[in-house]
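Protein chains in written order, with the working numbering: chain Z, 92 to 181; chain F, 92 to 181; chain C, 92 to 181; chain W, 92 to 181.
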């Protein structure tokens, strides 16, 4: 993975911590809206982590393949991006 | 929380498991797209859990307040929903 | 509709204008990314208009029903919100 | 634009028609939720059109540049995709 490992790891550990917090809130039967708010915070962090990973992927893996990869590698990179963008625009 | 506790807990534990999987993938320096795909899967599950929690909240807490809550309680429910919908339409 | 009519109408006319602009760009065979950027701008405006409409709906129609509507009206409001939030969390 | 012109034009004309419909609904002071539903339908169509445009862009423009474009062209394609994905993961 080409993204800043420390940064992405920190984001994901924060999201995991929030989800663990939500699981505790459910056990303690806390209020729905407080639980929803915490889940939406975790979603925002995952969005940020995913954006960071895809940005770094474009700037290194995709650029690398475009610059000096063989045709098969270039095609593979394009197909992967088609799938990712397909999910993001769904 | 009014949503089906078991169902929501299972969804959140699945999302947590996926995030732990992503953290391992990062440690093992796996491919960006595979990591991104796993994060998007966790995001989809969190969306589902949040939808379930908000649905149950509307059908029980909000309905309950609307039916027999005092004015202050009704106002609070409305304000909470304004905030939630504000986030969802951002 | 309870939202500020002028504000929402202006947003929607802007979105319509952008879509008309996109249709012209397609006719002139302009660059994909420029067209995509214009569509995403229209999407952002529609999101804003929808958020404004739902906010005003909650603060007037839903609050009104909660305060002094009959049971059937309250139920209807709840069901409508369940459907809206279902779409927003999909 | 590399996407199927007819298909994308039809989608955009449908979205424009829905927005015109919403403008009429506002003039006729129709119900908030019906207006919101129509806006969300137009948003879904714009998402579909944008996904189609970006898919075709990747498979032709980006692939073309990767295969036989000069370094400057390849860099430009990468930067454009970084910006698009930045917006889609916001």
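We treat Cβ as the ideally placed atom computed from N, Cα and C, and that holds for glycine. Because the structure is a prediction, the values reported are computed rather than measured.
Own chain, CB closer than 7 Å to residue 176/Z, minus 5 neighbours either side, in chain order
For residue 176/Z, there are no CB contacts under 7 Å within the same chain when 5 residues up- and downstream are skipped.
Interface residues of chain W around residue 123/C at Cβ under 8 Å?
Per Cβ cutoff of 8 Å: 92, 93, 94, 144, 145, 147, 148, 152.
Between the C-alpha atoms of residue 107/C and residue 149/F, what's the straight-line distance to the nearest angstrom?
33 Å
List the residues of chain W that residue 155/Z touches, going by C-beta distances under 7 Å, in chain order.
Those within 7 Å of residue 155/Z in chain W number zero; the least Cβ separation is about 10 Å.
Consult DSSP for residue 155/W and reduce its assignment to one of helix, strand or coil.
helix
Between residue 104/F and chain C, is the shortest Cβ-Cβ distance under 9 Å, so that the two count as touching?
no
Of the choices 92/Z, 118/Z, 103/Z, 131/Z, whose alpha-carbon is the least far from that of residue 180/F?
131/Z
Going along chain F, which residues have a C-beta under 7 Å from residue 100/Z?
Those within 7 Å of residue 100/Z in chain F are 114, 117.
Could you check whether the Cβ of residue 180/W sits closer than 9 Å to any Cβ belonging to chain C?
no
Please tell me whether residue 138/W has its Cβ less than 9 Å away from any Cβ of chain Z.
yes
Within the continuous alpha helix (DSSP H) that includes residue 100/F, where are the two ends?
Taken as a continuous stretch (DSSP letters only), the alpha helix (DSSP H) holding residue 100/F covers 96-118.
So, residue 133/C versus residue 110/C, is the Cβ gap smaller than 9 Å?
Contact annotation: residue 133/C and residue 110/C have beta-carbon atoms nearer than 9 Å.
Pair within 9 Å by beta-carbon distance, residue 103/W and residue 136/W:
yes
Determine, using beta carbons only, whether residue 169/Z and residue 94/W come nearer to each other than 9 Å.
Not in contact: residue 169/Z and residue 94/W (Cβ atoms no closer than 9 Å).
Which of helix, strand or coil does DSSP assign to residue 125/W?
helix
Could you tell me which of 122/W, 105/W, 164/W sits nearest to residue 139/W, measuring between CA atoms?
Minimum Cα distance to residue 139/W is reached at 105/W.
Write down the C-beta distance between residue 144/W and residue 171/C rounded to the nearest angstrom, noting that I regard them as a contact closer than 8 Å.
Incorrect: roughly 33 Å between the Cβ atoms, too far for contact.
Partners in chain Z for residue 130/W, counting only beta-carbon separations shorter than 7 Å
Per Cβ cutoff of 7 Å: no residues; residue 130/W is ~18 Å from chain Z at best.
Where does residue 93/Z sit, in a helix, a strand or coil, going by DSSP?
Reduced to three states, the DSSP call for residue 93/Z is coil.
Taking only beta-carbon positions, decide if residue 175/F is within less than 9 Å of chain Z.
At least one chain Z Cβ lies under 9 Å of residue 175/F.
Which term fits residue 146/F, buried or exposed, when burial requires 16 or more other beta carbons within 10 angstroms of its beta carbon?
buried
Identify whether residue 181/F lies in helix, strand or coil by the three-state DSSP scheme.
coil
Residue 155/Z classed as buried or exposed, judged by whether at least 16 other C-beta atoms fall within 10 angstroms:
exposed
Are residue 59/Z and residue 120/F closer than 9 Å when you measure CB to CB?
For chain Z, the structure presents residues 92 to 181; residue 59/Z sits outside this window and is missing.
Determine, for residue 120/W, whether the minimum Cβ-Cβ distance to residues of chain C falls below 9 Å.
yes
I need the straight-line Cα distance from residue 122/F to residue 159/W, nearest angstrom please.
26 Å
Go ahead and label residue 152/W buried or exposed: buried means 16 or more other beta carbons lie within 10 angstroms of its beta carbon, across all protein chains shown.
buried
Could you check whether the Cβ of residue 111/W sits closer than 9 Å to any Cβ belonging to chain C?
yes
Within 9 Å (strictly less), CB to CB, does residue 126/Z reach chain F?
yes
Reference residue 174/W; option with closest CA among 161/Z, 142/Z, 164/Z
That would be 142/Z, whose Cα lies nearest to the Cα of residue 174/W.
Cutting at 7 Å between CB atoms, please list the residues of its own chain near residue 99/C, excluding the five before and the five after it.
140, 143, 144
Check the Cβ-Cβ distances between residue 171/W and every residue of chain C, and say whether any is below 9 Å.
yes
Taking residue 96/F as the reference, which of 126/Z, 97/Z, 163/Z has the closest Cα?
Residue 96/F has its Cα closest to that of 126/Z, out of 126/Z, 97/Z, 163/Z.
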